[in-house]
């Protein structure tokens, strides 16, 4: 196994991509600190890690709050003794935001602030909280989970429906931060890289798919799951472009990419961003 005796923190690991990352790390031997907003999903993922024979620490809390970040890091050190790996998976959009008519910019200010808190500020603060410990032990691996939305300008139709411009901007900022942090901490034997998932059928994309088939006339009447599968098969080129491999992205694809970066397989790789999207976005 590639990660025996390693200790990893994975944020937003209660479900979807984060859960898969936590389990892929555990399958390779890592003990995992599982963070998620929901106590139920946090506990469930931690139990799945333990079922693989690894130690798990369930840390349900809102990781966008500085006090929660400090608490997770300190509890990891208290209970597991070190931090070898940090995976910042926290992100996505706010569940709700201000729509009150308090001025022409109020709705957009609230949306952008929420996007910043979840997609850029929280990962940056998590990195800054663990870096001193990694510098002291002279080793560490950090992987930030961004998005292909942070690499290219998505079609306007997609921006209007499911991927706000603010989300793309924050993910682009996270990619840039990954590069600058890699430059700063590289001399301390710390690798910092970024993974950009493509379109993956998480709970958020299940909701997005339902909205698409319910609200866009050209898609109405379709099954939401079948509509989503059509993305990989190139059925909506004006919205998603093409996916050369023609294969749906799975959460495990992201988890395995993270394992590559944090294991000795990625020993001499830092400051890099990897698209895991079936070729939808080309570097």
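In the working numbering, the protein residues as written are -9 to 273. Yeah, the Cβ is synthetic: ideal placement off N, Cα and C, and Gly gets one too.
Sequence-distant residues of the same chain with beta carbon closer than 7 Å to residue 275, five excluded per side: With the chain represented from -9 up to 273, any question about residue 275 goes unanswered, as that position is not in the structure.
Which listed residue (208, 246, 243 and 247) has its alpha carbon closest to that of residue 228: The count along the chain shown starts at 1 and reaches residue 228 at position 238. It is 208 whose Cα lies nearest to the Cα of residue 228.
Paired residues, beta bridge with residue 140 - DSSP: Position 150 of the chain shown, counted from the first residue, corresponds to residue 140. Looking at the DSSP output, residue 140 sits in no beta bridge, so it has no partner there.
Contact under 9 Å by Cβ, residue 62 with residue 133: Sequence index remark: in the chain shown, residue 62 carries index 72 (1-based). Sequence index remark: in the chain shown, residue 133 carries index 143 (1-based). Contact check for residue 62 against residue 133 fails: the beta carbons are separated by 9 Å or more.
Buried or exposed by the 16-neighbour rule on C-beta atoms within 10 Å, applied to residue 213: Against the chain shown, residue 213 aligns to sequence position 223. A residue is called buried when at least 16 other Cβ atoms come within 10 angstroms of its Cβ; residue 213 does not meet this threshold and is exposed.
Residue 75 and residue 130 closer than 9 Å at C-beta: Mapped onto the chain shown, residue 75 falls at position 85. Mapped onto the chain shown, residue 130 falls at position 140. Closer than 9 Å, so yes.
Buried or exposed (CB count within 10 angstroms, at least 16 for buried), residue 37: Start at 1 with the first residue of the chain shown, and residue 37 comes out as number 47. Exposed.
Start and end residues, alpha helix (DSSP H) containing residue 271: The sequence position of residue 271 within the chain shown is 281, counting from 1. Judged by DSSP secondary structure, residue 271 falls outside any alpha helix (DSSP H); it is assigned neither H nor E.
Ordered list of alpha helix (DSSP H) runs contained in the region 168 to 227, each at least 4 residues: List check, alpha helix (DSSP H) in window: 193 to 205 and 214 to 222.
Neighbourhood of residue 181 by C-beta distance below 6 Å, restricted to the same chain and skipping five residues each side: Here residue 181 corresponds to residue number 191 of the chain shown, with the count starting at 1. Close CB contacts of residue 181 within its chain, under the 6 Å cut and outside five residues either way in sequence, are with 131 and 260 (chain order).
Same chain, Cβ closer than 6 Å to residue 136, neighbours up to 5 away in sequence not counted: Taking the first residue of the chain shown as 1, we reach residue 136 at position 146. 161, 164, 165, 184 and 186, listed in sequence order.
Of the listed residues 20, 10, 231 and 245, nearest to residue 143 (C-alpha basis): By 1-based counting over the chain shown, the position of residue 143 is 153. Comparing Cα positions, the closest option is 231.
Bridge partner(s) assigned by DSSP for residue 248: Within the chain shown, numbered from 1, the residue matching residue 248 stands at position 258. DSSP, once it has assigned bridges, lists no residue as partnering residue 248.
Neighbourhood of residue 17 by C-beta, 7 Å cutoff - its chain only, sequence neighbours within 5 removed: Position 27 of the chain shown holds residue 17. Hits under 7 Å: 42.
Unbroken alpha helix (DSSP H) run spanning residue 104, endpoints: On the chain shown, residue 104 is found 114 positions in, with the first residue counted as 1. For residue 104, the uninterrupted alpha helix (DSSP H) segment begins and ends at 96 to 106.
Neighbourhood of residue 113 by C-beta distance below 7 Å, restricted to the same chain and skipping five residues each side: To locate residue 113, count along the chain shown from 1; it is residue 123. Counting only Cβ-Cβ distances below 7 Å, and skipping sequence neighbours, we find 78, 80, 134 and 164.
Where residue 131 sits in the DSSP three-state scheme: If you number the chain shown from 1, residue 131 lands on position 141. In this structure, residue 131 counts as strand in the three-state DSSP scheme.
Cut-off 7 Å between Cβ atoms - residues of its own chain near residue 226, not counting five sequence neighbours on either side: Residue numbering aside, residue 226 sits at position 236 when the chain shown is read from its first letter. Result list for residue 226: 220, in chain order.
Beta-bridge partners of residue 239, as assigned by DSSP: Here residue 239 corresponds to residue number 249 of the chain shown, with the count starting at 1. In the DSSP output, where bridge partners are listed per residue, residue 239 has 190.
Proximal residues to residue 44 (C-beta, below 8 Å), its chain only, five neighbours per side dropped: To locate residue 44, count along the chain shown from 1; it is residue 54. Excluding residues within five positions, the ones whose Cβ falls inside 8 Å are 16, 19, 20, 21 and 22.
Distance cut-off 8 Å: residue 261 Cβ against heavy atoms of the ligand GTP: The model depicted lacks the ligand GTP and carries no ligand whatsoever.
Spatial neighbours of residue 292 in its chain, beta-carbon cut-off 6 Å, leaving aside the 5 residues before and after: The shown model of the chain, from -9 to 273, leaves out residue 292, and the question about it has no answer.
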